[in-house]
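To convert, note that position 81 of the sequence shown is 81 in our numbering; the numbers rise steadily by one, no gaps.
We put the beta carbon where it would ideally sit given N, CA and C, even for glycine.
Small disclaimer: the values here were computed from a predicted structure and weren't measured.
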Amino acid sequence: MEQTFIILKPSTITRGLAGDVLTRFERKGFIITGLKMMQLSEEILREHYAHLVDRPFFPDLVHSMMRTPVIVAVVKGVDAVAVVRAMTGATNCRKAAPGTIRGDFGMSGQENIIHASDSPENAEIEIKRFFKPDEIFDYKPLTFAALYAPDEL
Ligand code: UDP
Ligand code: MG
């Protein structure tokens, strides 16, 4: 079963929305397989946002992502990467559809509540970047029997 990587960004911690955002993933049927608070460094952000280092907003993005500690999480479910991206919504919260996390909780293109991996390949890379192997708990809870048909697992 697939796992994906999430960051609850500093704006989410500051606004006291971490619980609300995590609750959405739990209610949807994901299980949390990794969860911790950490202070991001410029070094890890340069790796994580390597596709954006040349963009004019990159210094602001780094500053924003280091303003407070973040909560990083790994969640597990069938098609986890695509389902979490769909729940996340468009990058700019003002354009994100109501019902998505960004559409419901934010007003900004930069202070946009969460990061979520955009492909299974990147999810694997990002999980390894932010978590040690023994910080991921790959268990199978009893709820799966009520969440999925046998041929979906
Ligand atoms: N970002 C920004 N301005 C932009 C585009 C992106 O500040 O014009 C920030 C925003 O916080 C976004 C992050 O850079 O979440 C990563 O950008 P990406 O294009 O990967 O968007 P995402 O995958 O987060 O939707
Ligand atoms: Mg992205």
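Measuring from the CB of T91, is there a heavy atom of ligand 1 at a distance below 7 Å?
Result yes, Cβ under 7 Å from ligand 1.
For the candidate residues E47, A116, F25, whose alpha-carbon lies nearest to that of V81?
Checked all of E47, A116, F25; the closest Cα to V81 is A116.
Spell out the partners DSSP gives F5 in its beta bridges.
According to DSSP, F5 bridges with V74.
Please state whether the Cβ-Cβ distance between I114 and G34 is less than 8 Å.
No.
Quick one, which of F57, T91, M65, V78 has its alpha-carbon nearest D151's?
When each option's Cα is compared against that of D151, the closest is V78.
Exposed or buried, what is V204 when buried is set at 16 or more other beta-carbons lying within 10 Å of its beta-carbon?
Nothing can be reported for residue 204, as the shown portion of the chain is limited to 1 through 153.
My output table needs one value for K36: the three-state DSSP class, helix, strand or coil.
Of the three classes helix, strand and coil, the one that applies to K36 here is strand, per DSSP.
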